[in-house]
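Residue numbers (the numbering used here), protein chains in the order written: chain E, 30 to 201; chain U, 370 to 479; chain F, 4 to 618; chain G, 221 to 703.
Set out below in structure tokens:
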């Protein structure tokens, strides 16, 4: 058991705990960011430095920051999460059940080979070549999806003068 | 570092995500939970590719695609959240019960 | 021209005239009437030519396959044999007479063009029926005869009573038609042919043929207005009188008897059917005579007399004498047409149907018509040497070995003589001082316009002559039919003559002599009078029982439809909606609930899976 | 000429009209109507050409076309006609053409109306000529679904309710049909939906046939107005606008009967033999029941609606005799009844357009006011009574011949139903058409010469086949072997 993995795991879980337990949503986003850094560390120990870097760049640098913007824009007047013990308990039970189920499967599953493999020196090159050859479709699709997401996000957020009034009437 | 350990970590992360999705009333909180679950899945992909002999590039590509999709998803989700917030001044999921039919009026009155 | 072509022209002319009059000359009454009259004259000429040239010749048939059913070709075409020729000539002559007569009678009616068109349709249907070589064609035109009579009886369509009468006629005859239809199909299935000439040569299993002939007879009962389906015929006088003249003589009611005559060989094979025929025919003859004795409406008397005379014909046929029945059919056609035309002339002139009223109004001043009435009435009553006398004698002769039916026949002919001469005496010797009350019946024809006299007089004179003369042509008719005219000695005739004369005598006593009470002997027996007057209450009973039952069933099913079936389907719809609204409760729209449920389910699956692996 | 895919042309003729209708602007109402009338005329002419080109001596399916459509599960666009399809195709073309002409005076939302109508006709053509069970079902649904908007938008008298009821009933029918059809596909080995192949002897075991047959029969029977699942039909007729009633009673109900004949009986003969007495009984009840209920109705269209139940009972009875004559009669009756009810609704629609009243008690003496318009109604009524000279007489005759042979008691009951048929039809005639004139309707006017054209066509067809039934019977007989 190597220490780097242990540290990364602890950071990940701690960050995640922070993300789910904090009543202040801003703090929760920070917790998410910490957890994501931990995940990047795990990726690193799993012999995938490139993915780890991407994780940090996109998740921590992009998504988490966007979330913070969203929190800033939305929850100024939003009340803090009220304590709702029953709900949390129910959620904990559900998640706990899931954990038990997953752990059971994990415990009894027999994996083909438990040995660590370290045969991926040229992995980055392989990723690049594969991405633009064999998995080109996934790559291109992803670009289209991202483009659509950008356009869609703009369209959704754009202010339309007539629509909100109508929608509110309908909602009422 | 073993396969089982990594998978257990991923499972725990996933359960945290589930908990967040279920317990949070804030939409952004739920989104955080979803991100946690996605990452748990990513860990699993890489763990399997690391410990079981396969083409290592595939898992990495999948993870990269998932990360890209997560970015797209987050962008859209946040846009929706902002729109909702503008319309209803709230991003509380418990207020969003239009589908319930008659209950919608009560909910929006609250 | 070959006789087949002639027959085709004969059949085609009325149909063409019908279409032209109804469609082309819809607004031009004169042209329509002229067309129909031309068609009628053509037909009449052809029919008479055929009779003159073909009489006594062997039967000739020209037909072609018209459709294919039950694995057999069904033919339509023309059959020229004795029965056809005589009946065709009678139909042709009488229709032409009626058409000429209608020129005057209907001269101021709004829809006279249409009236003439339907007369042509009627003639076409009846002639095609008569000339038919196959039972299928017979049935088709049997139905069309009924249809045409529906339109003619209901011709004055603004009169609810006329429409009701037309409806009644159609529906009651249709009850008979159903029997005929089933009989036809059974016969078809048994014999695998519908060709009349072939059918008549076949012999069948006794019970089978009894069933078939009984079913055919049901049709005849309906069409020829025999008990218990006779009630439509008296009502059918709601139509214009020329229609009654046509309906009661050579067409419509004659169709039933003609059908019997057509299939006489088949009926002869069925003992049981013949007995039933005789029973019904005799009963009908007596029954309707009783009604005729008390009826005051002149047309109604003749209508009842038609029913009773049709009974006579069927008695003759049922007793086995084809010639007797057929001869009576022919003579009856002539003198009954004559009587109705006379009645129509009286009604047209005096604006009332009531015999007493006509007499008091001076009906006897119309000399030609009164002459026609006397001759026609005499023929009907079986007055010696007139047309009806000979044919009736033949029927009685045919019944000589069946005492019960013979007695019935004597009774009926006694009453026939009585009521016929009652009408004659009421017209000829009106007694203005008698106590009898005139029932103010609504006038048949309201307008005071009268057409010129000759179109009415000419047919009446012609038919009068025929009614006198036709009786002497028995031998030639028999030859045409290929039968024997059995000689009847004077002593054999005596009882019938006696009965008829007795009837006339009593009528004279009741109505004819000076200061006669003119009420009739039945009037003195009050319950009997009421019974007869109301037609033995049969109409009322039918209305109560059958119409009532049909309506009750209809009401019941109507209720079932609206309250059970409809409600059931609505209930299914409502139930679906309710289930729908129940399930919306689950669809709260609360995202966490959805996800929670999904997660718990998935977790449960995993636990099960985990335990499964462990095992 | 023979190389032309004439069936595809006739099938897509209404679809072209549909597309053209959609493309034309709403304001050009006359153009829309003309396009549809033209499509109707073309399909009428084409169906006559098909009639003349069909080789009766050879029989069987002809003018076949077969293009794989969804080859993974064996679905082919396979079309072809035999004598029965030829007859019904002609019927559909006649009703389409006359229906468009009858609705010439329509003003409300003309474009959508004709779009739905041509779509419906497209579906009906498809059903009548398809040889692939899946394609058959596809077109079947295409034909059934436009009924909802057609009734709900242009109808009268509880139109939403009627439209909903009709749609739900027909969907229930489809819900029975679809599993039945899939069962046929799977049981036969899951390779083909082709009707001819599936109809081959010995494809299905007797037990399977007995099990599946009721699904198909009832599923199609609902559309054919089978008692006791008929209650959607009269109410649908009442609510629907004229041309839709014409198409509905004239053609749509025939789809059900055609489905029974083609698929239920054609593919599952042993099942049909097993169930025939049961369903013949239901059909007989329908004949008598429809007539009785019609006797009590006060709405013109309800009377005709229930008369349809009664007349379709005759069709179903004929089919259930499973013999040559019965089938010939049933198909003939489908045709005759289709034309007849089209005429009925066309005539009633004309009166309703002017009066906005259909209660027969409110009428009287119409024949004096509008003799031409009422004469159409009288003609239809006579045909309904089975008067000789009209096509339906022969049809009923054949059915009764067969019924008396196979089910004597039911045959007698069905024939006795003729009395009640006459009773209710004469009741309507006596109350509304004849009788004392009601001054309320003195303003009614005769149809223009143009509007008489569709009615005259229908009457001419009825009379033609009434006088020369062998033309029709030869065509049908080329399939059933009656010739």
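Ideal Cβ positions, reconstructed from N, Cα and C, are used throughout, including at glycine.
Can you tell which of the options has the C-alpha that lies nearest to the C-alpha of residue i?
i	options	result
residue 507 of chain G	G/635, G/404 and G/302	G/635
residue 487 of chain F	F/72, F/494, F/186 and F/478	F/478
residue 491 of chain G	G/512, G/423, G/456 and G/470	G/423
residue 237 of chain G	G/331, G/277 and G/493	G/331
residue 442 of chain U	E/156, E/79, E/124 and E/175	E/175
residue 163 of chain F	G/605, G/486, G/642 and G/658	G/658
residue 125 of chain F	F/108, F/104, F/95 and F/583	F/95
residue 67 of chain E	E/57, E/41 and E/56	E/41
residue 358 of chain F	F/319, F/405 and F/423	F/423
residue 119 of chain E	U/393, U/378 and U/402	U/393
residue 317 of chain F	F/295, F/515, F/287 and F/604	F/287
residue 382 of chain F	F/462, F/402, F/472 and F/304	F/472
Rounding to the nearest angstrom, what Cα-Cα distance links residue i and residue j in this structure?
i	j	result
residue 168 of chain E	residue 435 of chain U	11 Å
residue 292 of chain F	residue 245 of chain F	23 Å
residue 31 of chain E	residue 117 of chain E	35 Å
residue 29 of chain F	residue 115 of chain F	10 Å
residue 327 of chain F	residue 464 of chain F	26 Å
residue 450 of chain F	residue 112 of chain F	Since pLDDT at residue 450 of chain F reaches only 49, below the 50 mark, its modelled position is unreliable, and no value is offered.
residue 40 of chain F	residue 117 of chain F	13 Å
residue 627 of chain F	residue 15 of chain F	Since the displayed chain F opens at 4 and closes at 618, residue 627 of chain F lies outside it and no answer follows.
residue 88 of chain F	residue 333 of chain F	11 Å
residue 475 of chain F	residue 392 of chain F	10 Å
residue 138 of chain F	residue 637 of chain G	22 Å
residue 74 of chain F	residue 386 of chain F	53 Å
residue 119 of chain F	residue 593 of chain G	21 Å
Residue j and residue i - do their beta-carbons sit closer together than 8 Å?
i	j	result
residue 36 of chain E	residue 70 of chain E	yes
residue 610 of chain G	residue 682 of chain G	yes
residue 47 of chain E	residue 408 of chain U	no
residue 63 of chain E	residue 385 of chain U	no
residue 147 of chain F	residue 602 of chain G	no
residue 458 of chain G	residue 387 of chain G	no
residue 698 of chain G	residue 300 of chain G	no
residue 302 of chain F	residue 240 of chain F	yes
residue 506 of chain F	residue 420 of chain F	yes
residue 404 of chain G	residue 439 of chain G	no
Find the residues of chain F that neighbour residue i, judging by a C-beta separation of less than 7 Å, and give them in chain order.
i	result
residue 387 of chain U	602
residue 372 of chain U	Correct list: empty, because the minimum Cβ distance to chain F is about 16 Å.
Pull up the DSSP beta-bridge partners for residue i, would you.
i	result
residue 395 of chain U	U/461
residue 80 of chain F	F/66
residue 285 of chain G	G/299
residue 72 of chain F	F/75
residue 357 of chain F	F/300
residue 101 of chain F	DSSP output for residue 101 of chain F lists no bridge partner at all.
Can you list the residues of chain C that residue i reaches, using a CB-CB cut of under 9 Å?
i	result
residue 75 of chain F	The structure shown has no chain C; the protein chains it does contain are E, U, F and G.
Which residues of chain F have a Cβ atom closer than 9 Å to the Cβ of residue i, listed in chain order?
i	result
residue 390 of chain U	594, 595, 598, 599 and 602
What residues from chain F crowd round residue i, counting only those whose CB sits closer than 8 Å?
i	result
residue 74 of chain E	Near residue 74 of chain E there are no residues of chain F at all, since even the closest Cβ is about 27 Å away, more than 8 Å.
What does residue i touch in chain U if you count any residue whose Cβ is under 8 Å from its own?
i	result
residue 167 of chain E	430 and 434
So which residues of chain G does residue i contact, with C-beta pairs closer than 7 Å?
i	result
residue 552 of chain F	Correct list: empty, because the minimum Cβ distance to chain G is about 11 Å.
Find the residues of chain U that neighbour residue i, judging by a C-beta separation of less than 9 Å, and give them in chain order.
i	result
residue 42 of chain E	378, 381, 382 and 385
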